[in-house]
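Have a look at the structure below, then the notes.
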Amino acid sequence: MIKDITLGQYLPGESVLHKSDPRIKILLTTLLMVVIFLIDSYLGFIALSAFLLIVILVSNIPLKYTLKGLKPVMFIVAFTVVINAFTTKGTPILDIGMFHVTYEGLEISILMAFRLFLLIIGASLMTLTTTPISLTDGLEKLMSPFKKLGLPAHEIAMMMSIALRFIPTLLEETDKIMKAQAARGAEFDTGSLVQRAKSFVPVLVPLFISAFRRADELATAMEARCYRGSKGRTRMKQLKLSAVDLKISAVTLIFLTGLLILQYI
Numbered sequence: 001m002i003k004d005i006t007l008g009q010y011l012p013g014e015s016v017l018h019k020s021d022p023r024i025k026i027l028l029t030t031l032l033m034v035v036i037f038l039i040d041s042y043l044g045f046i047a048l049s050a051f052l053l054i055v056i057l058v059s060n061i062p063l064k065y066t067l068k069g070l071k072p073v074m075f076i077v078a079f080t081v082v083i084n085a086f087t088t089k090g091t092p093i094l095d096i097g098m099f100h101v102t103y104e105g106l107e108i109s110i111l112m113a114f115r116l117f118l119l120i121i122g123a124s125l126m127t128l129t130t131t132p133i134s135l136t137d138g139l140e141k142l143m144s145p146f147k148k149l150g151l152p153a154h155e156i157a158m159m160m161s162i163a164l165r166f167i168p169t170l171l172e173e174t175d176k177i178m179k180a181q182a183a184r185g186a187e188f189d190t191g192s193l194v195q196r197a198k199s200f201v202p203v204l205v206p207l208f209i210s211a212f213r214r215a216d217e218l219a220t221a222m223e224a225r226c227y228r229g230s231k232g233r234t235r236m237k238q239l240k241l242s243a244v245d246l247k248i249s250a251v252t253l254i255f256l257t258g259l260l261i262l263q264y265i
């Protein structure tokens, strides 16, 4: 399940989304997440799902690979559905002893599952089509106006991109440690919930040691390359908006605006 997490990973490609400006992708992804929280109808979520499906096809990223990122959150979704279905008051559909499944609770659960799935797919598409360096440059450019207020835009962008970059690395390391522990007789899928939680303690200790070691190696490598933050730093590739970026922005804004108009008017 750990290897199924796609957030933070990058898949090389030559699609329009891969070549588009990272600033546009960051802004549109943020706007998409806001709209996802504002929509609360089946028609709206179906329209958003169709839109994201088109984006996946345009990006040339395999649909199966994109949907694979939903597996790790299935437990959270199932837990949320059960809690809302049994605790929300309203019109009863099914009575199971002291528990009552209501129509309102079931509807809230389905919409919440839709919302969570769309959020993960939207965020994953941004990282899958944007290199960590481009993501850093885009974040820094977007936050550069706040430098006058003393905000360390470059440092914040660098920290965020490093965190995203090392998500797949740490997940791969976790998978290796779990396989090594399983080969020594450790069991992660049996026993009660408390026993399963205790079985992960031998995994966390070497994982933290590995994370600190990688952080130290990264700091040493950056110092060896005379990294001194944003001071005097130049870029080989300058970010420039193209006609394709403007078209992507226009299409996305028109769609999301129309969706909100239909939702509230």
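Counting in my numbering, the sequence shown runs from 1 upward without gaps.
Backbone N, C-alpha and C fix where the C-beta goes; we use that ideal spot for every residue, glycine too.
All figures in this text were calculated on a predicted structure; none of them were measured in a lab.
Under the three-state reduction of DSSP, Arg184 is assigned to coil, being neither helix nor strand. Annotation: Ile39 to Phe212 spans about 41 angstroms, alpha carbon to alpha carbon. DSSP places Gln263 inside the alpha helix (DSSP H), whose first and last residues are Ala243 to Tyr264. Note that the stretch 53 to 62 does not touch the stretch 164 to 173; fewer than 3 beta-carbon pairs, one per stretch, sit closer than 8 angstroms. No Cβ-Cβ contact shorter than 7 angstroms links Thr127 with His18. Cβ atoms of Met178 and Val201 stay farther apart than 8 angstroms, at about 12 angstroms. Judged by their CB atoms, Ile36 and Leu119 are nearer to each other than the 7 angstroms cut-off. Between Ala85 and Gly105, the gap from beta carbon to beta carbon is short of 7 angstroms. Here the C-alpha atom of Ala47 lies approximately 11 angstroms from the C-alpha atom of Leu262.
Assignment of beta strand (DSSP E) within the stretch 91 to 119, counting only whole runs of 3 or more residues, yields 92 to 96 and 99 to 102 in chain order.
The C-beta of Thr66 has 16 or more other C-beta atoms within 10 Å across all chains shown, which makes the residue buried. Counting every other CB atom within 10 Å of its CB across the protein chains shown gives Gly122 a total of 16 or more, marking it as buried.
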